[in-house]
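Participant: Just so you know, the sequences run in chain order A and B. Letter 94 of the first sequence, counting from 1, is numbered 94 in this note's numbering, and no numbers are missing. Residues are numbered in this note's numbering as their position in the second sequence, beginning at 1, plus a constant of 114. Quick one: the structure is below, questions incoming.
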Amino acid sequence: DVKVTQSSRYLVKRTGEKVFLECVQDMDHENMFWYRQDPGLGLRLIYFSYDVKMKEKGDIPEGYSVSREKKERFSLILESASTNQTSMYLCASTFLGQGTTEQYFGPGTRLTVT
Amino acid sequence: AQSVSQHNHHVILSEAASLELGCNYSYGGTVNLFWYVQYPGQHLQLLLKYFSGDPLVKGIKGFEAEFIKSKFSFNLRKPSVQWSDTAEYFCALRGNTGKLIFGQGTTLQVKP
């Protein structure tokens, strides 16, 4: 059974703090993704990675960075948290290539920036 | 540009009513289409997917969806909903970039 885990379910941070969100998958997936989920906006892609040390910007990368030092781990970094980054953050992973490449999601981290 | 639009943002039904959630996409190439569901407090999980072949796709928990290429649609249906179907439903498209593009989501509330 595929498992994608995220380091925290709930997080409260202050404006200006540096925030790290961690995601780990146990299925040897090449691709990993970070989304944010907001009511009425669905899921929007922040960054994704298709290999170790590789990353690409998604649709809303501003204010975020990522790190992928190991295949199983993909970190999302908020360099200086702001209140408009209060959101639910979802990590996902999938195999590279064709076929039934559905994405598997983690439980999410609800981040509140005060 | 690739996009996905879900028409219904909030749907309220009584148990045993039939369900149809609309999903339209904008993309001219070969598409892979998905419906994901997020039950309260749970992970986003796959309901069903369309890659090719039979345009009527059956998923888990009695859900099905029909891909109509001429209408750029992939509507989700269930003949008789249950209270346990209360959740948020997302339609998604995977186009040539390999990335998923999600619709805005539809919140379904089923009254017992």
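Cβ atoms here follow ideal geometry from the backbone N, Cα and C, with glycine treated the same way.
Locate the beta strand (DSSP E) running through A:M88, then write down its first and last residues.
Facilitator: S87 to T94 is the span of the beta strand (DSSP E), which, as asked, contains A:M88.
Participant: Residues of the segment 170-198 of chain B in Cβ contact with chain A at a cutoff of 8 Å, in chain order, please.
Facilitator: For the segment 170-198 of chain B, which is checked against every Cβ of chain A, not one residue is closer than 8 Å.
Participant: Would you call the CB atoms of B:V118 and B:G219 closer than 7 Å?
Facilitator: In this structure, B:G219 does not lie closer than 7 Å to B:V118 by Cβ.
Participant: Buried or exposed, going by whether 16 or more other CB atoms sit within 10 Å of the CB of B:L190?
Facilitator: Buried, by the Cβ-count rule.
Participant: Going by CA-CA distance only, name the one from B:P226, B:L222, B:E202 and B:R208 that's closest to B:Y58.
Facilitator: This structure leaves residue 58 of chain B out entirely; chain B is present only between 115 and 226.
Participant: If the cut-off is 9 Å on Cβ atoms, which residues from the segment 41-54 of chain A count as contacting chain B, listed in chain order?
Facilitator: Listed by position along the chain: L41, G42, L43, R44, L45, F48 and Y50.
Participant: Could you spell out the range, first to last residue, of the beta strand (DSSP E) harbouring B:V118?
Facilitator: Here the beta strand (DSSP E) through B:V118 covers S117 to S119.
Participant: Given that a residue counts as buried once 16 or more other Cβ atoms are within 10 Å of its Cβ, and exposed if not, what is A:A81?
Facilitator: By the neighbour-count rule (16 or more Cβ atoms within 10 Å), A:A81 is buried.
Participant: According to DSSP, is B:T144 helix, strand or coil?
Facilitator: Of the three classes helix, strand and coil, the one that applies to B:T144 here is coil, per DSSP.
Participant: Whether or not the segment 76-90 of chain A and the segment 31-39 of chain A are in contact is what I'm after, with contact meaning three or more pairs of Cβ atoms, one per stretch, closer than 8 Å; do they touch?
Facilitator: A contact exists between the segment 31-39 of chain A and the segment 76-90 of chain A.
Participant: Since B:G217 meets chain A, which of its residues come closer than 8 Å, beta carbon to beta carbon?
Facilitator: What B:G217 touches in chain A: G42.
Participant: Using beta-carbon positions only, say whether B:L127 and B:F188 come within less than 7 Å of one another.
Facilitator: Contact flag unset, no.
Participant: Indicate whether B:Y153 and B:L207 have their beta-carbon atoms separated by less than 7 Å.
Facilitator: No, Cβ-Cβ distance for B:Y153 and B:L207 is not below 7 Å.
Participant: Leaving out the 5 sequence neighbours to the left and right, which residues in its chain are closer than 7 Å to A:E30 when beta-carbon positions are compared?
Facilitator: Once the five neighbours on either side are set aside, the close Cβ partners of A:E30 are Y50, D51, F95 and L96.
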